[in-house]
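S.K.: Count the sequence shown with my numbering and you get residues 358 to 510, in order.
Backbone N, C-alpha and C fix where the C-beta goes; we use that ideal spot for every residue, glycine too.
Okay, here's the structure, questions in a sec.
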Amino acid sequence: MSDYCIYLKAEPYLVCFLTTAYGNPVVLERDSPEARIIREYISKTPADVTPDVNADFNLAIRIPFFKEADPRVYNYLGKAAKAALLESFDQLVEKCMMREIGALENIRRGKIAPTIYAFMEKHGIPDDDKNWYTISQKYYRLRKKYLINGIKV
């Protein structure tokens, strides 16, 4: 494992989710989809670019050591690659949400709000109004996408 990090600007709920699951800085499993994105797109820092520092970012991802890309040399991730990494993390949250909240919604009658609060608590997401609204809207939008085609999740 290296001491080099990639710094990202992420939504507060995503930062809480990832740091609860993977620590701070986030330490990825070597063969995870997110580590594969890093391995594929990590490069040497271009001469005209200053290295990322923890200035305007709220999420640090520790760069895994790859035999073909030593983090001491290969420690730059471009904007598009960072966006792909954030998208992958967001999909991880969505999958987790559908698995946990969706499964309970199908067997439980009544309001879904307590289940969303339980999901947030389990994953270290503070239960303020903004985070609750974000998580609930993400869940409802995902569910609606499937219901349009007659699939009840």
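When you compare the CB positions of L443 and A367, do they come within less than 7 Å of one another, or not?
M.R.: Yes, Cβ-Cβ distance for L443 and A367 is below 7 Å.
S.K.: DSSP has A362 in a bridge; who is on the other side?
M.R.: A quick correction: the sequence has Cys, not Ala, at residue 362. In the DSSP output, where bridge partners are listed per residue, C362 has R419.
S.K.: Can you pull the DSSP bridge partners for K495?
M.R.: Answer by DSSP bridge pairing: none, since K495 is not bridged.
S.K.: Please state whether DSSP places K501 in a helix, a strand or coil.
M.R.: Helix, per DSSP.
S.K.: On a Cα-Cα basis, can you pick out the residue from S445, I394, D447 that is closest to F423?
M.R.: Among S445, I394, D447, the Cα nearest to that of F423 is on I394.
S.K.: Given a threshold of 16 other Cβ atoms within 10 Å of its Cβ, counted over all protein chains shown, does L504 qualify as buried or as exposed?
M.R.: L504 should be labelled exposed.
S.K.: Are the CB atoms of D405 and Y364 nearer to each other than 7 Å?
M.R.: Cβ atoms of D405 and Y364: not closer than 7 Å.
S.K.: Looking at C-alpha atoms only, which residue of D413, L434, E425, T407 is the closest neighbour of R419?
M.R.: Of the listed residues, the one whose Cα sits closest to R419 is L434.
S.K.: What residues in its chain sit with their C-beta under 6 Å from that of A426, if we drop five residues either side in the sequence?
M.R.: Within the same chain, A426 has close Cβ partners I399.
S.K.: For Y496, does the count of other Cβ atoms within 10 angstroms reach 16, so buried, or fall short, so exposed?
M.R.: With 16 or more other Cβ atoms within 10 Å, it is buried.
S.K.: Report the CB separation of P428 from Y379 in whole angstroms; it is logged as a contact under 8 Å.
M.R.: The pair is not a contact, with the Cβ atoms about 17 Å apart (cut-off 8 Å).
S.K.: Which residue from K436, D486, E457 puts its Cα closest to that of K319?
M.R.: Lying before the first or after the last residue shown, residue 319 is absent from the chain, which here runs from 358 to 510.
S.K.: Among T377, A417, K502, V384, which residue has its Cα nearest to the Cα of M455?
M.R.: If we check each option's Cα against that of M455, K502 comes out closest.
S.K.: Would you report the Cα separation of Y490 and K401, rounded to the nearest angstrom?
M.R.: Each residue's Cα considered, the two are about 40 Å apart.
S.K.: What are the start and end residues of the alpha helix (DSSP H) that includes I469?
M.R.: Note, I469: premise wrong, no alpha helix (DSSP H); not H, not E.
S.K.: Can you tell me whether I508 is buried or exposed? The criterion is at least 16 other CB atoms within 10 Å of its CB, across all chains shown.
M.R.: Exposed is the call here.
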